[in-house]
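Counted the way this note's numbering counts, the sequence shown spans residues 279 to 701. Structure, as structure tokens:
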Amino acid sequence: MSGGTEAYVYEFLPIYYDRFFPFEDLVGWMGGEEKNKKREIAFQLPPEIYIRFQSYHTAQAWREAVKKSKPDRMEIGPLYSQEPRMKDGVHKDMFFAEERELIFDIDMDDYDEVRTCCTGAKICRKCWVFLKAAMLLLDHILREDFGFQHLMFVYSGRRGVHCWVSDPEVMRLTNEQRSAIIEYVNLFNLQSFGVQAVKLEKNNATVLHPHVTRSAKLLEPHLLEKILPEQRPLNPPLADNKHLKIIEATLQRGKKPELVTEFQSLCSRIEQKMTGSEVTGQSVEQVANQASTDIYRHIEKLSKSEVGANKPESEALQYLAAETALRLLFPRLDANVTKQLNHLAKSPFCIHPKTGRVCVPIVDPKTFDFETVPTLGQLIDEINAGGKVNSLEPYLKWFHTYCAGLEKARAAFSAANNSMDID
Numbered sequence: 279m280s281g282g283t284e285a286y287v288y289e290f291l292p293i294y295y296d297r298f299f300p301f302e303d304l305v306g307w308m309g310g311e312e313k314n315k316k317r318e319i320a321f322q323l324p325p326e327i328y329i330r331f332q333s334y335h336t337a338q339a340w341r342e343a344v345k346k347s348k349p350d351r352m353e354i355g356p357l358y359s360q361e362p363r364m365k366d367g368v369h370k371d372m373f374f375a376e377e378r379e380l381i382f383d384i385d386m387d388d389y390d391e392v393r394t395c396c397t398g399a400k401i402c403r404k405c406w407v408f409l410k411a412a413m414l415l416l417d418h419i420l421r422e423d424f425g426f427q428h429l430m431f432v433y434s435g436r437r438g439v440h441c442w443v444s445d446p447e448v449m450r451l452t453n454e455q456r457s458a459i460i461e462y463v464n465l466f467n468l469q470s471f472g473v474q475a476v477k478l479e480k481n482n483a484t485v486l487h488p489h490v491t492r493s494a495k496l497l498e499p500h501l502l503e504k505i506l507p508e509q510r511p512l513n514p515p516l517a518d519n520k521h522l523k524i525i526e527a528t529l530q531r532g533k534k535p536e537l538v539t540e541f542q543s544l545c546s547r548i549e550q551k552m553t554g555s556e557v558t559g560q561s562v563e564q565v566a567n568q569a570s571t572d573i574y575r576h577i578e579k580l581s582k583s584e585v586g587a588n589k590p591e592s593e594a595l596q597y598l599a600a601e602t603a604l605r606l607l608f609p610r611l612d613a614n615v616t617k618q619l620n621h622l623a624k625s626p627f628c629i630h631p632k633t634g635r636v637c638v639p640i641v642d643p644k645t646f647d648f649e650t651v652p653t654l655g656q657l658i659d660e661i662n663a664g665g666k667v668n669s670l671e672p673y674l675k676w677f678h679t680y681c682a683g684l685e686k687a688r689a690a691f692s693a694a695n696n697s698m699d700i701d
């Protein structure tokens, strides 16, 4: 028996919810049953029927409601001032969001301006590198710059990732505070040539902010080892490549015509090699695989040569390599998901209706393989084979341990706050 189709998923969802879905641990993760009474749970029923502001006093009550309604998607909202299910009987001024995790959302289709292997909802191991690099960098930023410790990345089941930050001190952050965090983290602002443009924040007139330089440094290995040779984002022809046009425009702002001419000539030579019109010791395929790396190395060398120059026009040239690395590989974050306290996000351990994959926690972004994620069909086959094998078990065990650590952090946070109140 194999899964993946929406009809198949819908048919076997009750079995999944009854046998596998970790209601008790999810309630613990969300703060325990007492808090869960005020937590919004939203259902999506086929075909796209949305039921919002559900809430449950116990994990068992949640389980029974899910088994009965068979949602093909469940989303988790904030903790409200009143029980969401009682919303209609409460004055609107008395019903408002009070707490929620800090969430970051990354979708692969936002990389379509860079990736060349797939588009839209499609995904492969080549373009997964974008999400791998995004998770590793985001994890570093959140831990090092903000001191957050309780981070959980969750695979969406298809083409995206959510990062849930559950540290006790983030739960009551206001929309303004959440906005300030995403504004700091996110390095994209405008568009140039129809491509995301990087904002190069500076500590003073000429020195880049450490967040910018560190991000470029951490992303560069992924860029050189995988993205440049496999995605070929900087391959000529210059006239058809938006990223090359941005580099050319930056060189033109540097007011050094010879650098513009040199770059144009490099692109032209590589293009001739790629078309086979120039005889080399390499195959056309080898040239194409190396082309983006050669161009990046060229602008990297150029950037280093401009370091120390105090002329305003040299500034753009100094940062050209860093800007290029960030534009190609910096995480594409959906800022609105992070900013809004009342934003909904898909629950971990849901089944994606189009792929049948479980939305599992990503234990290690370095080694995670989305193609080996358990599917509903696989789990049903394992039940039919006697149930001795449960491919979801490692993820469930990890999540249980994660929740236990989070509960200890909450207890320590509460004790510290109570001590301060007494003092």
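All residues carry an ideal CB built from backbone N, CA and C; glycine is no exception. Since this is a predicted model, take the numbers as computed values, not measurements.
Shortest alpha-carbon distance to V448 belongs to which of G355, Y574, L380? On the sequence shown, position 170 is the one that residue 448 refers to. If we check each option's Cα against that of V448, L380 comes out closest.
Taking the alpha-carbon positions, what's the S581 to I661 distance? The sequence position of residue 581 within the sequence shown is 303, counting from 1. The sequence position of residue 661 within the sequence shown is 383, counting from 1. About 59 Å.
Pick out whichever of Y334, G634, H487, P643 has its Cα sitting closest to the Cα of I658. Position 380 of the sequence shown, counted from the first residue, corresponds to residue 658. The residue with the shortest Cα to Cα distance from I658 is G634.
Helix, strand or coil at D437 according to DSSP, with G and I counted as helix: Translated into positions along the sequence shown, residue 437 becomes position 159. Asp is not the amino acid found at residue 437; the sequence shown has Arg there. Coil.
Drop a sphere of 10 angstroms on the beta-carbon of Q560, count the other beta-carbons inside from all chains shown, and report buried for 16 or more, exposed for fewer. Against the sequence shown, residue 560 aligns to sequence position 282. Q560 should be labelled exposed.
Here's the rule: buried if 16 or more other CB atoms are within 10 angstroms of the residue's CB, otherwise exposed. What is Y295? Here residue 295 refers to the residue found at position 17 when the sequence shown is read from its first residue. By the 10 Å Cβ count, Y295 comes out buried.
Are at least three pairs of beta-carbons, each pair with one atom in the segment 490-507 and one in the segment 639-656, less than 8 Å apart? no
Backbone secondary structure at L486 - three-state DSSP: In the sequence shown, residue 486 corresponds to position 208, counting from 1. Three-state result, L486: strand.
For the ligand ADP, I want to know if A603 counts as a neighbour, meaning its beta carbon is within less than 7 Å of at least one of the ligand's heavy atoms. With respect to the ligand ADP, the structure shown offers nothing to examine, as it has no ligands at all.
Option in N464, I319, D390, D612 with minimal Cα separation from G355: Locating residue 355 in the sequence shown gives position 77, counting from the first residue. Nearest option by C-alpha distance: I319.
With a threshold of 8 Å, are at least 3 pairs of Cβ atoms found where one atom belongs to the segment 323-337 and the other to the segment 378-392? no
Just the C-alpha distance for F290 and Y358, rounded to the nearest angstrom, thanks. Here residue 290 refers to the residue found at position 12 when the sequence shown is read from its first residue. Here residue 358 refers to the residue found at position 80 when the sequence shown is read from its first residue. Cα to Cα, the separation comes out at about 32 Å.
Does the beta-carbon of P535 have 16 or more other beta-carbons within 10 angstroms, so that it is buried, or is it exposed? Indexing the sequence shown from 1 puts residue 535 at position 257. Answer is exposed; the Cβ neighbour count stays below 16.
N702 burial status per 10 Å Cβ neighbour count (16 or more: buried): Lying before the first or after the last residue shown, residue 702 is absent from the chain, which here runs from 279 to 701.
Can you tell which of E461, M552, E353, T571 has its C-alpha closest to the C-alpha of L622? Numbered from 1 along the sequence shown, position 344 holds the residue referred to as residue 622. Nearest option by C-alpha distance: E353.
On the CB-based measure, 16 or more other CB atoms within 10 Å of its CB, does S692 come out buried or exposed? Within the sequence shown, numbered from 1, the residue matching residue 692 stands at position 414. Exposed.
Using only CA atoms, which one of F646, E685, C628 lies nearest to F301? Here the question's residue 301 lines up with position 23 in the sequence shown. Here the closest residue by C-alpha is C628.
Given that a residue counts as buried once 16 or more other Cβ atoms are within 10 Å of its Cβ, and exposed if not, what is S583? Locating residue 583 in the sequence shown gives position 305, where the first residue counts as 1. Exposed, by the Cβ-count rule.
Ignoring anything shorter than 3 residues, give me the beta strand (DSSP E) runs that lie fully in the segment 361-420, in order along the chain. 375-377, 380-385
By Cβ distance below 8 Å, which residues in the same chain neighbour C395 in space, the five residues on each side in sequence not counted? Translated into positions along the sequence shown, residue 395 becomes position 117. Excluding sequence neighbours, C395 sits near C402, K404, C405, E508, Q509.
To the nearest angstrom, report how far apart K316 and E361 are at their CA atoms. Taking the sequence shown and counting its residues from 1, one reaches residue 316 at position 38. Taking the sequence shown and counting its residues from 1, one reaches residue 361 at position 83. Going by the C-alpha atoms only, they are around 4 Å apart.
H440 versus V463, M413, A690, residue with shortest Cα-Cα distance: The residue labelled residue 440 in the question sits at position 162 within the sequence shown. It is M413 whose Cα lies nearest to the Cα of H440.
Is P356 helix, strand or coil when you go by DSSP? Locating residue 356 in the sequence shown gives position 78, where the first residue counts as 1. If DSSP states are grouped into helix, strand and coil, P356 belongs with the strands.
Quick check: W442 and C681, are their CB atoms within less than 8 Å of each other? In the sequence shown, counting from the first residue as 1, residue 442 sits at position 164. In the sequence shown, counting from the first residue as 1, residue 681 sits at position 403. Not closer than 8 Å, so no.
Coarse secondary structure for P639, derived from DSSP in three states: Numbered from 1 along the sequence shown, position 361 holds the residue referred to as residue 639. Reduced to three states, the DSSP call for P639 is strand.
Is the Cβ-Cβ distance between S434 and H630 less than 8 Å? In the sequence shown, the residue the question calls residue 434 occupies position 156. In the sequence shown, the residue the question calls residue 630 occupies position 352. For S434 and H630, yes; Cβs fall inside 8 Å.
Thinking C-alpha only, which one of A663, I525, G665 is nearest A599? Taking the first residue of the sequence shown as 1, we reach residue 599 at position 321. Selected option, being the one with the closest Cα: I525.
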